[in-house]
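Enquirer:
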Amino acid sequence: MSWGTELWDQFDNLEKHTQWGIDVLEKYIKFVKERTEIELSYAKQLRNLSKKYQPKKNSKEEEEYRYTSTRAFLATLNEMNDYAGQHEVISENMTSLITGELTRYVQELKQERKSHFHDGRKAQQHIETCWKQLEASKRRFERDCKEADRAQQYFEKMDADINVTKADVEKARQQAQLRHQMAEDSKAEYSSTLQKFNSEQHDHYYTHIPNIFQKIQEMEERRIVRIGESMKTFAEVDRQVIPIIGKCLDEITKAAESIDHKNDSQLVIEAFKSGFEPPGDIDFEDFTQPMKRTISESSLSNSRGDGKSEPKFGGKSKGKLWPFIKKNKLMSLLTSPHQPPPPPPASASPSAVPNGPQSPKQQKEPLSHRFNEFMTSKPKIHCFRSLKRGGAGPEDFSNLPPEQRRKKLQQKVDELNKDIQKEMDQRDALTKMKDVYIKNPQMGDAASVDHRLAELGQNIEKLRIEVQKFEGWLAEVEGRLPPRTEQARRQSGLYEAQNTSAVNSCAQDRESSPDGSYTEEQSQETEMKVPATDFDDEFDDEEPLPTIGTCKALYTFEGQNEGTISVAEGEMLYVIEEDKGDGWTRIRRNEDEEGYVPTSYVEVYLDKNAKDS
0 MSWGTELWDQ
10 FDNLEKHTQW
20 GIDVLEKYIK
30 FVKERTEIEL
40 SYAKQLRNLS
50 KKYQPKKNSK
60 EEEEYRYTST
70 RAFLATLNEM
80 NDYAGQHEVI
90 SENMTSLITG
100 ELTRYVQELK
110 QERKSHFHDG
120 RKAQQHIETC
130 WKQLEASKRR
140 FERDCKEADR
150 AQQYFEKMDA
160 DINVTKADVE
170 KARQQAQLRH
180 QMAEDSKAEY
190 SSTLQKFNSE
200 QHDHYYTHIP
210 NIFQKIQEME
220 ERRIVRIGES
230 MKTFAEVDRQ
240 VIPIIGKCLD
250 EITKAAESID
260 HKNDSQLVIE
270 AFKSGFEPPG
280 DIDFEDFTQP
290 MKRTISESSL
300 SNSRGDGKSE
310 PKFGGKSKGK
320 LWPFIKKNKL
330 MSLLTSPHQP
340 PPPPPASASP
350 SAVPNGPQSP
360 KQQKEPLSHR
370 FNEFMTSKPK
380 IHCFRSLKRG
390 GAGPEDFSNL
400 PPEQRRKKLQ
410 QKVDELNKDI
420 QKEMDQRDAL
430 TKMKDVYIKN
440 PQMGDAASVD
450 HRLAELGQNI
460 EKLRIEVQKF
470 EGWLAEVEGR
480 LPPRTEQARR
490 QSGLYEAQNT
500 SAVNSCAQDR
510 ESSPDGSYTE
520 EQSQETEMKV
530 PATDFDDEFD
540 DEEPLPTIGT
550 CKALYTFEGQ
560 NEGTISVAEG
570 EMLYVIEEDK
580 GDGWTRIRRN
590 EDEEGYVPTS
600 YVEVYLDKNA
610 KDS
């Protein structure tokens, strides 16, 4: 089956068919190119999707990824990223193995096709030229034959006429012979041309054209084979990444199977466990008896006129209305590290302060009335200036529940131990370097590392002191050591200074009133959490509070609790923060001494500008 023998007369149709084959190949190249663009776009969208749901650094989401379910989701996002990478591989391989190769092949195919059909046209032109030569020889032979016949007839006519001279007859005879000779020559030429044409025609249709058409056929078959191979490569490119994609899916399945609901439940306990005991029963208060209400732990707040000012938060306290107390306020009440300051004379009983004026007895309010006020109250923020300075919270995490405090302290100890190990590794490396310098002075000066070694030694000592400090607090929480007193804390050089004082004084400000009891406002407050990052940058370099007036101490006040300051009767001091309605005024003796005193203990003289403002 050959195009040269079967399609010897279909030159034009073969030309059209081969052009159509090239168009099909170019169409397939365009199809593969669009497929690669789709793969790239899909891979990009998958990567963007994975990136969109990745946890952001230094955010709350990072803490959420300690649960097995969220870790499995993170593993799924990572595998989807690898999954997208395989689609990029598909696009790259299709571009290099199919699109690029076929594009080059099409160019070669066009050149080859052009060459073959050029040879075919040349052969056709040659056979047409031979045909024209044959036709011209034939017409010339036909013309000479006719002229020879006419010359012969004229000679015979002249020869039969008796009136014609012999000279005329001889001339007619010679003319007839000449024409006859010319006809013979034309006949011989025609015969020769015909034989030559037949030979050329035979070669054309049985040799040249079949060879040309055979080459075209082979070219077309190669094109068909090539497009088939490209389609096979198209499938193989996909098949090559299937194992890797399957591995990605297997990893997603493995991550899903690693989810442990029991472990996640335990993590919730570790994250939110406070360490406190559940509240006990509320004591019955009989209002039918004309007697004073018992001051106990079952009250929402202590009465204002009572002498007992220190609430007791035992492990198994009775009657606390925990379900009705807002969470942040409850934590501040239970975890406050300091006791409220002693009551000022204005609100104390005559036995407590002999020289102080008595305050009138305040009428006790029904529990339901206090509870309604508590539920309808609005959150308040006291001592905001102190909050600015200590916004990060106490260094010993005393503002946290026991269990959470223990975890934070343990985490801090571990971090400090890691820092110590790093410093020790650096010191060991420098020590070895120094030994090398001592043995080989040409390599360096041994004294050049002494300064750095001294710095590392100081850093290690500081870090060890920090570790001892936090281990002491950790021992307190875990019950291994008795709690240290406030006096011991103040004397310790490891204990935090002004920032903690500001926070603790603010805590006292919130939790105690000038008469030493817990008031209604205490129950109404909702403590406001302020992240360290919100205030650290803004108030790191805050200047001391400006003076807004002066005051004169009316009574002697012993500031024994942290956040307060001792004053002597008649002493003049500066006012830096007036009473906010809680019965306390903030004063300053000098640049380094400031604190709170009961407002009733001092007579305040505010500046005019401060009043206007």
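The sequence shown begins at 0 in numbering that gives the first Met the number 0 and counts up one residue at a time.
All C-beta atoms in this analysis are idealised placements derived from N, C-alpha and C, irrespective of residue type, glycine included.
Since the structure is predicted, the reported quantities are computational estimates derived from the model, not experimental observations.
Hey, would you say L572 sits closer than 8 Å to I586, going by beta carbons?
Expert: For the purposes of this step, residue 572 is identified with residue 573 of the sequence shown, where counting begins at 1. For the purposes of this step, residue 586 is identified with residue 587 of the sequence shown, where counting begins at 1. In this structure, I586 lies closer than 8 Å to L572 by Cβ.
Enquirer: On the criterion of 16 or more Cβ atoms from any shown chain inside 10 Å, does Y554 qualify as buried, or is it exposed?
Expert: Position 555 of the sequence shown, counted from the start, is the residue given in the question as residue 554. Buried: at least 16 other Cβ atoms inside 10 Å.
Enquirer: Compute every distance between the C-beta of S397 and the non-hydrogen atoms of the ligand HEM, then say whether any falls below 7 Å.
Expert: Among the ligands in the structure shown, none appear at all, so the ligand HEM cannot be discussed.
Enquirer: Might you give, ordered along the chain, the residues of its own chain that have their beta carbon closer than 7 Å to the beta carbon of T4, omitting 5 neighbours on each side?
Expert: As a working mapping, residue 4 is identified with position 5 in the sequence shown. Excluding positions up to five away in sequence, the list reads P209.
Enquirer: At the level of alpha carbons, what is the spacing between N80 and Y41?
Expert: Reading the sequence shown from its first residue, position 81 is the one you call residue 80. Reading the sequence shown from its first residue, position 42 is the one you call residue 41. The straight-line gap from Cα to Cα measures roughly 11 Å.
Enquirer: Tell me R585's beta-bridge partners as DSSP assigns them.
Expert: Position 586 of the sequence shown holds residue 585. Answer is E576 and Y595.
Enquirer: Is it true that the segment 166-182 meets the segment 143-154, where meeting means three or more beta-carbon pairs spaced less than 8 Å apart?
Expert: In short, these stretches touch, since the Cβ pair count reaches three.
Enquirer: Have a look at A254 and L76 and give me their C-alpha separation to the nearest angstrom.
Expert: For this step, residue 254 is matched to residue 255 along the sequence shown. For this step, residue 76 is matched to residue 77 along the sequence shown. Spanning the two alpha carbons is a distance of roughly 11 Å.
Enquirer: Which same chain residues, not among the five before or five after M181, have their C-beta less than 6 Å away from its C-beta?
Expert: Within the sequence shown, residue 181 is the residue found at index 182, counting from 1. Counting only Cβ-Cβ distances below 6 Å, and skipping sequence neighbours, we find D143.
Enquirer: Using the C-alpha atoms, what's the distance from E220 back to I97?
Expert: Position 98 of the sequence shown holds residue 97. Position 221 of the sequence shown holds residue 220. Cα to Cα, I97 sits roughly 18 Å from E220.
Enquirer: Determine the direct distance from the alpha carbon of A83 to that of L13, and round the result to whole angstroms.
Expert: Translated into the one-based positions of the sequence shown, residue 13 becomes position 14. Translated into the one-based positions of the sequence shown, residue 83 becomes position 84. One C-alpha to the other measures close to 46 Å.
Enquirer: Could you tell me which whole alpha helix (DSSP H) segments of length 4 or greater appear in the segment 394-480?
Expert: Correct list: 401-438 and 449-477.
Enquirer: For R303, count neighbouring C-beta atoms within 10 Å of its own C-beta (all shown protein chains included) and say buried if the count is 16 or more, exposed if not.
Expert: Residue mapping note: residue 303 aligns to position 304 of the sequence shown, counting from 1. Since pLDDT at R303 reaches only 39, below the 50 mark, its modelled position is unreliable, and no value is offered.
Enquirer: When you compare each of Q425, K246, Y104 and H125 to S198 by their alpha carbons, which one comes out closest?
Expert: By one-based count along the sequence shown, residue 198 stands at place 199. Out of Q425, K246, Y104 and H125, H125 has the C-alpha closest to the C-alpha of S198.
Enquirer: To the nearest angstrom, how far is it from the Cα of P597 to the Cα of E465?
Expert: Along the sequence shown, read from residue 1 onward, the residue named residue 597 stands at position 598. Along the sequence shown, read from residue 1 onward, the residue named residue 465 stands at position 466. Straight-line Cα distance between these residues: approximately 36 Å.
Enquirer: Classify W19: buried if its beta carbon has 16 or more other beta carbons within 10 angstroms, exposed otherwise.
Expert: Translated into positions along the sequence shown, residue 19 becomes position 20. Label assigned to W19: exposed.
Enquirer: Pick from Q106, Y66, A71 and G594: whose alpha carbon is nearest that of M218?
Expert: One-based indexing of the sequence shown puts residue 218 at position 219. Nearest of Q106, Y66, A71 and G594 to M218, Cα basis: Q106.
Enquirer: Note down the Cα distance separating Y205 from E100, rounded to an integer number of angstroms.
Expert: As a first step, residue 205 must be located in the sequence shown, where it is residue number 206. As a first step, residue 100 must be located in the sequence shown, where it is residue number 101. Rounded to the nearest angstrom, the two C-alpha atoms are 37 Å apart.
Enquirer: Could you tell me the distance, in whole angstroms, from the CA atom of I28 to the CA atom of T102?
Expert: Along the sequence shown, one-based indexing puts residue 28 at 29. Along the sequence shown, one-based indexing puts residue 102 at 103. For I28 and T102, the distance between alpha carbons rounds to 7 Å.
Enquirer: I'd like to confirm the pairing. Which residues does DSSP put opposite G84 in its beta bridges?
Expert: The sequence position of residue 84 within the sequence shown is 85, counting from 1. Note: G84 sits in no beta bridge, so no partner.
Enquirer: Output the boundary residues of the alpha helix (DSSP H) element that contains G548.
Expert: Along the sequence shown, read from residue 1 onward, the residue named residue 548 stands at position 549. Segment G548 to A552 is the beta strand (DSSP E) holding G548; no alpha helix (DSSP H) there.
Enquirer: Can you tell me the Cβ-Cβ gap for E590 and T584, rounded? I've got them flagged as a contact below 8 Å.
Expert: On the sequence shown, residue 590 is found 591 positions in, with the first residue counted as 1. On the sequence shown, residue 584 is found 585 positions in, with the first residue counted as 1. Actually they do not touch by this definition, with Cβ atoms about 19 Å apart.
Enquirer: Give a yes or no on whether the C-beta atoms belonging to S273 and E475 are separated by under 8 Å.
Expert: Position 274 of the sequence shown holds residue 273. Position 476 of the sequence shown holds residue 475. Not closer than 8 Å, so no.
Enquirer: Near K326, which residues of its chain fall below 6 Å by C-beta distance, leaving aside the five closest residues on each side in sequence?
Expert: Here residue 326 corresponds to residue number 327 of the sequence shown, with the count starting at 1. Because K326 carries a pLDDT of 44, less than 50, the predicted location of this residue cannot be relied on, and the following value inherits that uncertainty. None.
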